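Step one of this worksheet: look at the structure below.
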Amino acid sequence: MKALKHLNKYFFKYRYRLIIGIIITIIAKIFALFTPRLIGSSINVVSDRLNGKISQVLFKEELMVNILYLLGAAIIAGLFTFLMRQTIINVSRYIEYDLKNEIYEHYQVLSLNFYKSNRTGDLMNRISEDVGKVRMYVGPAIMYTMNTITLFVVALIYMINTAPKLTLYTLLPLPILSVAIYKLSRLINKRSTIVQQSLSTLSTYTQETFSGISVIKSYGIEPRTNYEFENLSAQNRQKQINLTKVQALFFPMMILLIGISNLLVIYIGGIQYINGEIENIGTIAEFIIYVNMLTWPVATVGWVTSLVQQAEASQQRINEFLQTEPEIKNQTTELTPIKGDIEFKHVSFVYPDTNIEALKDVSFTLKSGDTLAILGKTGSGKSTILDLIGRLHDIDSGEILIDDTPISVLNLYSLRHSIGYVPQDAFLFSDSIKNNIKFGKEDATDDEVIEAAKNARVHKNIIEFSKGYDTVLGERGITLSGGQKQRVSIARAIIKKPQILLFDDCLSAVDTETEEKILKNLVKLTKDKTTIIVSHRVSSAKNADQIIVLEDGRVIQSGNHDSLINTDGYYRELYINQLSEKEML
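Per the numbering used here, residue 34 is the first one in the sequence shown, and the count goes up by one each step.
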């Protein structure tokens, strides 16, 4: 139960609702337990009439009073049972809501390395399936536990007051039940953990399959993916069956033990009545009703135990992520205005998940309003520089300064709010084109959206759609072409009007003519903004104030366009090759 201690703060938060629920539960069970006594009393009245101890008139009067009491008690018990569910079950929904938000908010602050080492399907499973298991603990499990405890305590008091010896025999099977529950609950906990892990694997495979459906169809490997999914499903099915087999032992065992209790009541109670130890025959009927009233609560002990064990296993999986500390931490809550000066001082960085040394002793200085172009072969470390400026990773050595201040002491949200980032692999959400552009500025007007789209040279493409800017995109923007996605992503960045603009080879999927037009627009838009352009094309870099060329994480060339084309090296060779290709076209 250690893992479930995490929920104590939520129980405290909703303590008043829970206390009211407990009080309502007690009242409901007290009125429900009027039934056995009234039925026992009614049987005694019938017995007295048959033996001539009371008159016909008195018999009818007492029987009618008992019936009215029974009806009233049943109505009140039913009303309070309804209120009990409305309080305790509602609390479970509130806690489910709070817990999902807590997990989601924690996901947001975790670093990129966390997402590299954990699959999306597993993350989704913990916030959905696992939280659902926990909700069953904080709702039905607690409600039925309160219900059972209250019913047992009140019924036990009534039974002992009526016939102490018969009560002892009636409850004789319960210790056996307790031992059986203890043994089975430990096995349920173990198998529940295995089932949840299996579900995570299945969810991950399904999510990856749907995300990569175009690749699967292109390669014609649907039969193979179907076969793999069937195998995973079969494994999950077997693990679910193994868990169900253990859970299925509870109910037959309890029904057997309760049946034994009924036999003991009839046998022992009958002997006691014959021997005169019990005065009224109605007592036996009363005890039989008590035992049968306790049937469901006793049966739910197994079910509740199963719920608690499953919740324990799920909460433990949730806690694993909640206890994961983000590698990138905000060092201050004070908002920091950003002007846009950027300086790298002998920066080196190694990716912790792969141990690849992405940058080696990189240095450059960029003043606010200037433009830097970064060129180099694939894997030379270009994109890593942009990630470090957004502080998606912390460097291993050296220093990064923003406005002459170490990046690590800046307010993280101020820093990222001042950056407009366009990745090479543009990610668009399953929403309208307008909202995808407004993602950079939520309160943007329609005119601002259109202006940004025009500057990104995507406006004409958008208005060709039947719904224009209200066109809803498929997952990851699959509705659009690669070039269109990149240009929408550019519009999203420039509408924000940030102090720092980062373009990570974001024009690779557009033709050279469109590239030229976008770059001309960007020159006007980035006049007073610090801009870094990562590219494989000289055309994207030639207008930059400063150009650096990376190779294996090191700066091998730096300067402006004119100086670099007149110097032997990578930039000159790239320029000549691309110029030749352009002339051939």
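From the three backbone atoms N, C-alpha and C, an ideal C-beta is built for every residue, glycine too.
No experiment lies behind these values; they were computed from the predicted model shown.
Between residue i and chain C, is the shortest Cβ-Cβ distance under 8 angstroms, so that the two count as touching?
i: residue 302; result: Included in the structure is just one protein chain, with no chain C present.
Considering only residues of the same chain and omitting the five flanking positions on each side of residue i, which have a CB-CB separation below 8 angstroms?
i: residue 47; result: 124, 127 and 128
i: residue 442; result: 364 and 365
i: residue 602; result: 582, 589 and 590
i: residue 389; result: 383
i: residue 504; result: 465, 466, 495, 498 and 512
i: residue 539; result: 455, 456, 457, 459, 519, 522 and 523
i: residue 224; result: 272, 275, 276 and 279
i: residue 330; result: 177, 180, 181, 184 and 185
i: residue 537; result: 415, 416, 419, 454, 455, 456, 457 and 567
i: residue 261; result: 238
i: residue 548; result: 540, 570, 572 and 573
Write down the C-beta distance between residue i and residue j rounded to the nearest angstrom, noting that I regard them as a contact closer than 8 angstroms.
i: residue 381; j: residue 431; result: 6 angstroms
i: residue 350; j: residue 159; result: 6 angstroms
i: residue 408; j: residue 604; result: 7 angstroms
i: residue 62; j: residue 183; result: 4 angstroms
i: residue 339; j: residue 221; result: 5 angstroms
i: residue 305; j: residue 199; result: 6 angstroms
i: residue 169; j: residue 118; result: About 14 angstroms separates the two Cβ atoms, so there is no contact after all.
i: residue 527; j: residue 453; result: 6 angstroms
i: residue 92; j: residue 82; result: 4 angstroms
i: residue 87; j: residue 318; result: Rounded, the Cβ-Cβ distance is 18 angstroms, inconsistent with contact.
i: residue 482; j: residue 493; result: No, residue 482 and residue 493 are not in contact; Cβ-Cβ is about 15 angstroms, not under 8 angstroms.
Could you check which residue in the options has the C-alpha nearest to that of residue i?
i: residue 531; options: 248, 375 and 473; result: 473
i: residue 378; options: 570, 384 and 393; result: 393
i: residue 500; options: 512, 519 and 181; result: 512
i: residue 108; options: 137, 60 and 362; result: 60
i: residue 106; options: 84, 72 and 525; result: 72
i: residue 134; options: 176, 157 and 231; result: 157
i: residue 612; options: 575, 590, 592 and 579; result: 575
i: residue 376; options: 397, 356, 386 and 391; result: 397
i: residue 266; options: 238, 286, 518 and 252; result: 238
i: residue 506; options: 280, 481 and 467; result: 467
i: residue 405; options: 388, 373, 268 and 544; result: 373
i: residue 256; options: 268, 269 and 242; result: 242
i: residue 80; options: 116, 96 and 173; result: 96
i: residue 323; options: 230, 192, 391 and 358; result: 192
i: residue 84; options: 234, 186 and 313; result: 313
i: residue 116; options: 435, 180, 203 and 573; result: 180
i: residue 386; options: 246, 145, 562 and 136; result: 145
i: residue 400; options: 371, 425, 410 and 412; result: 371
i: residue 410; options: 101, 45, 586 and 261; result: 586
i: residue 164; options: 517, 131, 149 and 303; result: 131
i: residue 141; options: 436, 355 and 480; result: 355
i: residue 563; options: 543, 533, 546 and 578; result: 533
For residue i, which residues in the same chain have their Cβ closer than 6 angstroms to its Cβ, ignoring the five residues on either side in sequence?
i: residue 153; result: 240
i: residue 565; result: 405 and 535
i: residue 337; result: 174, 177 and 178
i: residue 594; result: 575
By the DSSP assignment, the beta strand (DSSP E) with residue i in it spans what residues?
i: residue 432; result: 430–435
i: residue 581; result: 579–584
i: residue 591; result: 587–592
Can you list, in chain order, the residues of its chain with a C-beta nearer than 7 angstroms to that of residue i? Leave out the 5 residues immediately preceding and following it.
i: residue 120; result: 50, 53, 54 and 57
i: residue 166; result: 343, 344 and 347
i: residue 368; result: 444 and 447
i: residue 38; result: none
i: residue 417; result: 382, 391 and 392
i: residue 228; result: 272, 273 and 276
Taking the alpha helix (DSSP H) that residue i falls in, what are its first and last residues?
i: residue 79; result: 67–83
i: residue 497; result: Note, residue 497: premise wrong, no alpha helix (DSSP H); not H, not E.
i: residue 151; result: No alpha helix (DSSP H) holds residue 151; DSSP gives it neither H nor E.
i: residue 14; result: Missing from the structure shown is residue 14; the chain here goes from 34 to 618 and no further.
i: residue 521; result: 515–527
i: residue 426; result: Taken as a continuous stretch (DSSP letters only), residue 426 belongs to no alpha helix (DSSP H), as it is neither H nor E.
i: residue 36; result: No alpha helix (DSSP H) holds residue 36; DSSP gives it neither H nor E.
i: residue 511; result: Per DSSP, residue 511 belongs to no alpha helix (DSSP H) and is neither H nor E.
i: residue 131; result: 89–142
Check: Curious, which full-length beta strand (DSSP E) runs of at least 3 residues does the stretch 532–571 contain?
Finding: The stretch 532–571 contains these whole beta strand (DSSP E) runs: 533–537 and 563–567.
Item checked: Ranges of the beta strand (DSSP E) found wholly within the stretch 341–403, counting only runs of at least 3 -> 375–383 and 390–399
Next item on the list: Write down every uninterrupted run of the alpha helix (DSSP H) in the stretch 190–262 whose length is 4 residues or greater and which is fully enclosed by it, in chain order.
Entry: 197–203, 207–244 and 246–252
Next item on the list: Please go through the stretch 159–191 and give each complete beta strand (DSSP E) segment of 3 or more residues, from N-terminal end onward.
Entry: none
Item checked: Segments assigned alpha helix (DSSP H), at least 4 residues, entirely inside the stretch 428–481 -> 445–450 and 466–471
Next item on the list: Output the residue ranges of the alpha helix (DSSP H) runs that lie fully inside the stretch 294–325 and measure 4 residues or longer, sorted by chain position.
Entry: none
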